[in-house]
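Protein chains in written order, with my numbering: chain A, 114 to 504; chain B, 177 to 462.
Cβ atoms here follow ideal geometry from the backbone N, Cα and C, with glycine treated the same way.
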């Protein structure tokens, strides 16, 4: 399945025609958003990976760096040009900003003695602009919206974090070996759900041009306030080539035809035990996954014993305690826990939230210390089913 | 698919906020099991339907999911077994003390959907607690049915609780059958000995199975073999409902803990229809 949309790249949308910028224009976008009160987050190199953090200048972007990824491996590598977005995705998704790994939920006090006073904590809705959101990451944010906001009881913390996000997507020009967004419908270019969408075109070793499409009214207003240029046909052609090339480079596939029934039919397959022999149940995949949303609640009491804080922290279905019942952990084996993760992500998520839980970003493959590859595992079940003649 | 650039949510659902409740009364049920009657410190007691669950919180220790076994006009009664730090802290809270409650959550035993002439209620161990209130309700509308039967199994005779209720139900015309896995040295035990499924059919409980609906709660393995036996006897799979337990934490379908295949137990349960849950419930460790 090829979901690249090269013919759309550079076309005018309902919010106006695409524009062209150089690096100074990108700097103007950052400064204008800051002047409007946004915290601007963008990619930068931290601890030998490309992570997201607050930026004030294009100088902080990962100039001339790319990432090389494969099962269990991630390495930064120098390029010999001035591209700033020529990488795939780092281990840290935008999840850390929207659905933080640790937040206070409430504080209880024993006041007056014998009684309980409960104070709920709130998350302040801080306006934030995200620069460099990949198509797969945008898709993952919408998946978390569905889980955390569209259910019967929305999560007020996530709702506050999502209250004002200025989304600047950057289409993928340099997918990793672990990427399979074209199978999951997320990329390599974005179609909607952004304020601005950028395609970075390396024109020569010392120059890049940015083709910017406008996806919202406020995106159009922002672009109207900075200096831009009319888009040359040549740039549109180059940008389409970038996306075409990216789509061509993504060779990893997951055949999602009937995947829910495929996995449901294999709940008791011996393959889970085989995977468990490799799986360390470390939970890295769940931390790196941009859609994994599970949280645990923990109580911390102060030294006086009079104040107790409740924290909400990311949890992982790979931990033994995750399935704790009075009789002990329900998913007692590694096979049980890997099955829970993969069947939830690819099958039961569809029943629970009407869509798949996977966007094809490949993080779970890259960041698995032993390189377990869910596309290979799905393929295995499919071959088994084909051999048995079941659909 | 919802694709909105920015999203907002209102304040927290009341079900995310812990409410202080006072312990009004404590009834010892078994050596390690107590029913605690709780009333809100401020505000009104929320409505409750049989099978619903709340998160009960002990200050500084944590929360546990406990079903409401009995309601009075001013209190909800929760039957709690000492199973760890949290349940110990809850049970150790004295009358007059304060704990927190979030809930009740979840669906209820669909007695209004029962169209058969027989209602069979099957409990294993502490599984009697979430069935207690619905059995009261069934006893109160016993004329609706040709027969209402309760089968209640415990490991040992001394682990049968709610004895006053059992007598009350029997007086109202409910056919109450007890069984102990092992009667041990209890020579006074006049009831059956053996596992719950063994009481179904043959010389024990025999009903017009095609005209029987079943509510059951107990350990997974007990519910599994019970349901298999019922299907063998001719009960239709969509007329069996079970109350399932998974690690419930947030109660708001946000934390992901209480999954059983496609079911989020706090959102879609705890009562599940066997026709829908069976392919997942029968898989160990799912």
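**Nearest to residue 129 of chain A (by Cα), restricted to the options A:123, A:256, A:327** = Position 16 of the first chain, counted from the start, is the residue given in the question as residue 129 of chain A. When A:123, A:256, A:327 are compared, the shortest CA-CA separation from residue 129 of chain A is found for A:327.
**Message:** For residue 155 of chain A and residue 243 of chain A, I'd like the C-alpha separation in whole angstroms.
**Reply:** For the purposes of this step, residue 155 of chain A is taken as the residue at position 42 of the first chain. For the purposes of this step, residue 243 of chain A is taken as the residue at position 130 of the first chain. For residue 155 of chain A and residue 243 of chain A, the distance between alpha carbons rounds to 6 Å.
**Prompt:** Are residue 189 of chain B and residue 266 of chain A closer than 8 Å when you measure CB to CB?
**Reply:** Stepping through the second chain from its first residue, residue 189 of chain B is reached at position 13. Stepping through the first chain from its first residue, residue 266 of chain A is reached at position 153. Cβ atoms of residue 189 of chain B and residue 266 of chain A: closer than 8 Å.
**Message:** Please tell me whether residue 401 of chain B has its Cβ less than 8 Å away from any Cβ of chain A.
**Reply:** Residue numbering aside, residue 401 of chain B sits at position 225 when the second chain is read from its first letter. With 8 Å as the cut-off, residue 401 of chain B does not count as an interface residue toward chain A.
**Contact list for the region 239 to 250 of chain B against chain A, Cβ threshold 8 Å** = 239
**Prompt:** With 8 Å set as the bound, which would you pick, yes or no: does the beta-carbon of residue 187 of chain A sit closer than that to a beta-carbon of chain B?
**Reply:** Position 74 of the first chain, counted from the start, is the residue given in the question as residue 187 of chain A. No, no contact with chain B.
**Message:** For residue 233 of chain A, report the span of its beta strand (DSSP E) as first-last.
**Reply:** Your numbering for residue 233 of chain A matches position 120 in the first chain. Note, residue 233 of chain A: beta strand (DSSP E), 230 to 233.
**Item:** Minimum C-alpha distance to residue 363 of chain B - residue among B:346, B:332, B:372
**Value:** Residue mapping note: residue 363 of chain B aligns to position 187 of the second chain, counting from 1. Of the listed residues, the one whose Cα sits closest to residue 363 of chain B is B:332.
**Message:** Bridge partners for residue 130 of chain A per DSSP, in chain order?
**Reply:** Counting from one through the first chain, the residue named residue 130 of chain A turns up at place 17. For residue 130 of chain A, which the question treats as bridged, DSSP gives no partner whatsoever.
**Item:** Anticipated Cβ contact below 8 Å, residue 406 of chain A with residue 251 of chain A, distance rounded
**Value:** On the first chain, position 293 is the one that residue 406 of chain A refers to. On the first chain, position 138 is the one that residue 251 of chain A refers to. The pair is not a contact, with the Cβ atoms about 16 Å apart (cut-off 8 Å).
**Item:** Close Cβ partners of residue 186 of chain A (< 8 Å) along its chain, the five nearest in sequence each way excluded
**Value:** Mapped onto the first chain, residue 186 of chain A falls at position 73. For residue 186 of chain A, where only same-chain residues beyond five positions count, the Cβ hits under 8 Å are 479, 484.
**Asked** Hey, residue 153 of chain A and residue 136 of chain A: beta-carbon distance below 8 Å or not?
**Response** Against the first chain, residue 153 of chain A aligns to sequence position 40. Against the first chain, residue 136 of chain A aligns to sequence position 23. Not in contact: residue 153 of chain A and residue 136 of chain A (Cβ atoms no closer than 8 Å).
**Request:** With 8 Å as the threshold, decide whether the Cβ of residue 381 of chain A is near any Cβ in chain B.
**Result:** One-based indexing of the first chain puts residue 381 of chain A at position 268. Answer yes: the Cβ-Cβ gap between residue 381 of chain A and chain B drops below 8 Å somewhere.
**Item:** Bridge partner(s) assigned by DSSP for residue 367 of chain A
**Value:** The residue you call residue 367 of chain A lines up with position 254 of the first chain. In DSSP, residue 367 of chain A forms no bridge with anything.
**Prompt:** Taking three-plus beta-carbon pairs below 8 Å as touching, is the region 290 to 303 of chain A in contact with the region 456 to 475 of chain A?
**Reply:** yes
**Message:** Please classify residue 247 of chain A as buried or exposed, where buried requires at least 16 neighbouring CB atoms within 10 angstroms.
**Reply:** Residue mapping note: residue 247 of chain A aligns to position 134 of the first chain, counting from 1. With 16 or more Cβ atoms within 10 Å of its Cβ, residue 247 of chain A is classed as buried.
**Message:** Please report the straight-line C-alpha distance between residue 363 of chain A and residue 157 of chain A, rounded to a whole angstrom.
**Reply:** Walking along the first chain from the start, residue 363 of chain A turns up at place 250. Walking along the first chain from the start, residue 157 of chain A turns up at place 44. Answer to the nearest angstrom: the Cα atoms are 24 Å apart.
**Prompt:** So, is the C-beta of residue 230 of chain B closer than 8 Å to a C-beta in chain A?
**Reply:** Your numbering for residue 230 of chain B matches position 54 in the second chain. False, the Cβ-Cβ gap to chain A never drops below 8 Å.
**Item:** Close beta carbons around residue 338 of chain A, own chain, < 6 Å, minus the five adjacent residues each side
**Value:** Here residue 338 of chain A refers to the residue found at position 225 when the first chain is read from its first residue. 145, listed in sequence order.
**Request:** Measure the alpha-carbon distance for residue 507 of chain A versus residue 418 of chain A and round it to whole angstroms.
**Result:** The question about residue 507 of chain A has no answer, for chain A in this structure spans 114 to 504.
**Message:** Which runs of the alpha helix (DSSP H) at least 4 residues long sit entirely within the region 249 to 321 of chain A? Give them in chain order.
**Reply:** Qualifying alpha helix (DSSP H) stretches, in chain order: 269 to 274, 294 to 297.
**Request:** Measure the CB-CB distance between residue 179 of chain A and residue 287 of chain A and report whether it falls below 8 Å.
**Result:** The sequence position of residue 179 of chain A within the first chain is 66, counting from 1. The sequence position of residue 287 of chain A within the first chain is 174, counting from 1. A contact, by the Cβ cut-off of 8 Å.
**Prompt:** Can you find a CB in chain B that lies within less than 8 Å of the CB of residue 491 of chain A?
**Reply:** Counting from one through the first chain, the residue named residue 491 of chain A turns up at place 378. For residue 491 of chain A, no CB of chain B lies under 8 Å from its own CB, so it is not counted at the interface with that chain.
**Prompt:** Given a threshold of 16 other Cβ atoms within 10 Å of its Cβ, counted over all protein chains shown, does residue 339 of chain B qualify as buried or as exposed?
**Reply:** For the purposes of this step, residue 339 of chain B is identified with residue 163 of the second chain, where counting begins at 1. Under this definition residue 339 of chain B is an exposed residue.
**Prompt:** Between B:228, B:220, B:260, B:269, which lies nearest to residue 251 of chain B when the distance is taken from Cα to Cα?
**Reply:** Locating residue 251 of chain B in the second chain gives position 75, where the first residue counts as 1. Of the candidates B:228, B:220, B:260, B:269, the one whose C-alpha sits nearest the C-alpha of residue 251 of chain B is B:220.
**Prompt:** What are the boundary residues of the beta strand (DSSP E) that includes residue 472 of chain A?
**Reply:** Translated into the one-based positions of the first chain, residue 472 of chain A becomes position 359. That residue, residue 472 of chain A, is in no beta strand (DSSP E); it is neither H nor E in DSSP.
**Message:** Under 8 Å, Cβ to Cβ, is there at least one residue of chain A near residue 462 of chain B?
**Reply:** One-based indexing of the second chain puts residue 462 of chain B at position 286. Closer than 8 Å: yes.
**Contacts that residue 377 of chain A makes with chain B (C-beta to C-beta distance below 9 Å)** = Within the first chain, the letter at position 264 stands for residue 377 of chain A. Under the 9 Å cutoff, chain B gives 437, 438, 455, 456.
**Item:** Helix, strand or coil at residue 431 of chain A [DSSP, three-state]
**Value:** If you number the first chain from 1, residue 431 of chain A lands on position 318. In the three-state reduction of the DSSP assignment, residue 431 of chain A falls in the coil class, being assigned neither a helical nor a strand state.
**Asked** Three or more beta-carbon pairs under 8 Å between the region 342 to 352 of chain B and the region 318 to 329 of chain B, yes or no?
**Response** yes
**Asked** How would you list, in chain order, the residues of chain A whose beta-carbon sits under 7 Å from the beta-carbon of residue 189 of chain B?
**Response** Taking the first residue of the second chain as position 1, residue 189 of chain B is located at position 13. Per Cβ cutoff of 7 Å: 266.
**Message:** I'd like to know if residue 231 of chain A contacts chain B, where contact means its C-beta is closer than 8 Å to some C-beta of that chain.
**Reply:** In the first chain, the residue the question calls residue 231 of chain A occupies position 118. Yes, residue 231 of chain A lies at the interface with chain B (some Cβ there is under 8 Å from its Cβ).
**Request:** Mind the definition here: the region 448 to 466 of chain A touches the region 392 to 405 of chain A only if three or more C-beta pairs lie below 8 Å; say whether that holds.
**Result:** yes
**Item:** Own chain residues within Cβ distance below 6 Å of residue 456 of chain B, not counting five before or after
**Value:** Start at 1 with the first residue of the second chain, and residue 456 of chain B comes out as number 280. Same-chain partners within the cutoff: 436, 437, 462.
**Prompt:** Under a Cβ-count criterion, where at least 16 other Cβ atoms within 10 Å of its own Cβ denotes burial, should residue 225 of chain A be classed as buried or exposed?
**Reply:** Position 112 of the first chain, counted from the first residue, corresponds to residue 225 of chain A. With fewer than 16 Cβ atoms within 10 Å of its Cβ, residue 225 of chain A is classed as exposed.
**Request:** Determine contact between the region 409 to 426 of chain B and the region 198 to 210 of chain B, defined as no fewer than three beta-carbon pairs at a distance below 8 Å.
**Result:** no
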